Amino acid sequence: MDLQIANGVQAHIQTTNKFKTVLIEYKFRTLYEPETATARTLLKNILVTNTKKYASQKALDNQMSWLYGASLSSGSQRYGDQHVVTFRLNVVNDRYIGGDDHLLEEAFSFLREIIHHPNVENKKFHQKTFDREKINLKHYFGSLNDDKSRYAVMKLNQLLFKGTKQRYLGMGSEEYLDEITSQSLYQTYQSMIESDTVDVLVSGDVSLKRIDEILKKESLQDRQALLEFPFVTLPTRDIVEKVEEVSEVIQGKLLLGFHSPAYYNESTYFAGIVFNGLFGGFPHSKLFQNVREKESLAYSASSFMDFIRGTMVVQTGIAFDKKDQVEEIVLEQLEAMKKGDFSDLLFVQTKDMLINHYNQNDDSQSGSLSKVYSNRILRGKDFSDDEWLAGVSQVTKEEVMNLAGQLTLQALFFLKGEELPNA
Numbered sequence: 006m007d008l009q010i011a012n013g014v015q016a017h018i019q020t021t022n023k024f025k026t027v028l029i030e031y032k033f034r035t036l037y038e039p040e041t042a043t044a045r046t047l048l049k050n051i052l053v054t055n056t057k058k059y060a061s062q063k064a065l066d067n068q069m070s071w072l073y074g075a076s077l078s079s080g081s082q083r084y085g086d087q088h089v090v091t092f093r094l095n096v097v098n099d100r101y102i103g104g105d106d107h108l109l110e111e112a113f114s115f116l117r118e119i120i121h122h123p124n125v126e127n128k129k130f131h132q133k134t135f136d137r138e139k140i141n142l143k144h145y146f147g148s149l150n151d152d153k154s155r156y157a158v159m160k161l162n163q164l165l166f167k168g169t170k171q172r173y174l175g176m177g178s179e180e181y182l183d184e185i186t187s188q189s190l191y192q193t194y195q196s197m198i199e200s201d202t203v204d205v206l207v208s209g210d211v212s213l214k215r216i217d218e219i220l221k222k223e224s225l226q227d228r229q230a231l232l233e234f235p236f237v238t239l240p241t242r243d244i245v246e247k248v249e250e251v252s253e254v255i256q257g258k259l260l261l262g263f264h265s266p267a268y269y270n271e272s273t274y275f276a277g278i279v280f281n282g283l284f285g286g287f288p289h290s291k292l293f294q295n296v297r298e299k300e301s302l303a304y305s306a307s308s309f310m311d312f313i314r315g316t317m318v319v320q321t322g323i324a325f326d327k328k329d330q331v332e333e334i335v336l337e338q339l340e341a342m343k344k345g346d347f348s349d350l351l352f353v354q355t356k357d358m359l360i361n362h363y364n365q366n367d368d369s370q371s372g373s374l375s376k377v378y379s380n381r382i383l384r385g386k387d388f389s390d391d392e393w394l395a396g397v398s399q400v401t402k403e404e405v406m407n408l409a410g411q412l413t414l415q416a417l418f419f420l421k422g423e424e425l426p427n428a
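With this note's numbering applied, the sequence shown corresponds to residues 6 to 428, in that order.
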């Protein structure tokens with residue numbers, strides 16, 4: 006059920022008796038800009054560290070303990086050309102505890118304290134908190150290069166989206182961090198509170214009337230709703246962009262990036278899901294079986310499709326001298342998919358695994374609520390489980406073949422170790 010709180014501020018209530026907790030999320034959404042995303046990432050870290058009322062981490066932790074061990078977290082995520090900051094509180098349902106039938110109201114009040122009453126003085130964030138969290142974020146940005154698999158993915162993304170803001174991480178970039186001050190961050194905070202499109206999501210065994218009464222106390226005011234879908238079109242090129250780097254790695258990282266026609270709100274979406282499952286999404290897929298198992302050319306081989314930005318990435322871990330062979334066989338397997346070179350048994354097995362994986366999301370309260378939100382911003386409407394399951398079940402072999410034929414290689418990144426001199 007949906008509730009309108011104000012213009013541009015809406016609540017989505019998922020009533021379920023599957024969980025003994027109530028999950029509350031406030032999601033703030035605006036257009037993605039790397040500079041702003043960097044500040045918003047720092048902001049979401051600071052806001053869950055302390056507040057005006059709970060001026061220390063210890064005071065904040067004590068309040069969560071008083072709320073029967075509630076858990077508080079924040080996150081930032083890019084959805085195509087939009088950026089979302091989330092504040093999340095998970096609290097035990099007061100149906101299951103004795104003597105406190107106002108716990109849900111107290112949980113909302115606590116989360117509002119986090120969002121609306123930051124530790125600010127003279128329009129600046131508490132300096133000691135600001136300095137500490139800024140250093141922590143700088144260290145985190147620096148650590149990203151230490152994970153070589155993640156580093157390779159970042160480098161491929163830079164090649165795929167060269168010359169556009171999509172080349173940056175969803176959380177922003179270290180290059181914009183130094184210029185942020187405690188005063189400029191407060192301005193970012195004000196903009197988020199006053200201008201972002203806001204979705205309040207609630208999941209649990211709750212009364213709609215009770216939630217409605219609680220949300221009437223929300224102080225978020227009218228704003229212009231962000232109604233556009235966040236989809237991004239990859240800038241395509243005729244010549245494949247290829248880059249090799251040498252680093253201290255014991256295993257090569259070969260990544261191939263493709264343009265894909267499959268988008269979340271298009272008819273190609275379900276064909277894309279099934280294609281990816283067949284091509285590189287599961288242990289029985291073509292990449293795993295042929296590149297890794299049959300030819301023993303890779304330690305790992307998989308594919309991932311981004312249905313918001315129209316890309317597919319093939320990721321492999323290989324010996325340094327196998328790069329050309331692996332590239333060739335990956336493209337051979339794509340050609341095989343175009344020709345329908347996969348068995349009916351594999352086709353059915355892939356659909357079954359996709360459906361099982363989808364159903365497992367309902368066993369997670371956060372996963373289930375995430376589906377609600379994704380459908381809202383990527384489809385503009387609710388999308389039932391039955392519709393999704395039917396969509397996968399009805400995909401034909403010809404649709405998968407047609408999709409495979411529209412995938413075009415755009416970029417390649419290879420990270421290898423230094424060649425050892427001959428003894």
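The beta-carbon is built from N, C-alpha and C at its ideal position, and this holds for glycine as well.
In this text, all values refer to a predicted model and were calculated from it rather than measured experimentally.
- Fully enclosed alpha helix (DSSP H) runs of no fewer than 4 residues occupy 273-281 of the region 273-318, in order along the chain.
- Pairing A341 with G372, the inter-Cα distance amounts to about 34 Å.
- The residues P39, in chain order, have a CB closer than 7 Å to that of Y173 in the same chain once the five nearest residues on each side in sequence are set aside.
- The C-alpha of Y181 lies about 12 Å from the C-alpha of L142.
- In the structure shown, D66 falls within a helical segment according to DSSP collapsed to helix, strand and coil.
- DSSP places V89 within a strand segment (E or B) once states are collapsed to three.
- Between K328 and G257, the C-beta spacing is below 8 Å.
- Taken in chain order, the unbroken stretches of alpha helix (DSSP H) that lie wholly in the region 199-278 and span 4 residues or more are 213-220.
- The region 39-58 and the region 115-125 touch, with three or more beta-carbon pairs separated by less than 8 Å.
- Taking C-beta atoms under 8 Å as the contact rule, G13 and Q229 qualify, at a distance of about 6 Å.
- Distance check between L420 and each of L394, G322, L351, G385 places G322 closest, using alpha-carbon atoms only.
- When secondary structure is reduced to three states using DSSP, K32 falls in the strand class.
- The alpha-carbon of L77 is positioned some 36 Å away from that of G262.
- Sequence-distant partners of S208 (beyond 5 residues in either direction) whose C-beta falls short of 6 Å from its own C-beta, in its chain, are Q19, L28, Q370, L374.
- Every unbroken stretch of the beta strand (DSSP E) spanning 3 or more residues and falling wholly within the region 80-152 is given here in chain order: 87-97.
- In this structure, the CA atom of Y156 is about 26 Å from the CA atom of E337.
- The DSSP-derived three-state label of T321 is strand.
- Under the DSSP assignment, F418 falls in the beta strand (DSSP E) whose first and last residues are 413-421.
- Q399 sits in coil when the DSSP states are folded into three classes, being neither helix nor strand.
- Under the three-state reduction of DSSP output, A16 falls in the strand class.
- By the neighbour-count definition (other C-beta atoms within 10 Å, threshold 16), K299 is an exposed residue.
- Between the alpha carbons of F309 and F284 lies a gap of roughly 9 Å.
- Separation of L339 and L351 (C-alpha to C-alpha, rounded to the nearest whole angstrom) is 16 Å.
- Here M317 is buried, its C-beta having at least 16 other C-beta atoms within 10 Å.
- Secondary structure of V27 (DSSP, three-state): strand.
- Classified as buried, E138 has 16 or more neighbouring CB atoms from the shown chains inside 10 Å of its CB.
- No residue range can be given for I185, since it is assigned to no alpha helix (DSSP H) and is classified by DSSP as neither H nor E.
- Pairing K343 with V397 gives a Cβ-Cβ distance that is not under 8 Å.
- According to the DSSP assignment, L174 belongs to no beta strand (DSSP E), since it is labelled neither H nor E.
- Counted as a single uninterrupted DSSP element, the stretch harbouring L48 is not any beta strand (DSSP E) but the alpha helix (DSSP H) occupying residues 39-52.
- Within the same chain, L283, F284, G285, Q338, A341, M342, F347 come within 8 Å of K291 by CB-CB distance, once the 5 residues on both sides are set aside.
- Between V203 and Y31, the C-beta gap is smaller than 8 Å, which places the two residues in contact.
- G345 is classed as exposed because its beta carbon has fewer than 16 other beta carbons within 10 Å across all chains shown.
- As the crow flies, the alpha-carbon of Y378 is around 8 Å from that of L206.
- Within the DSSP bridge table, the entry for D7 names H17 as partners.
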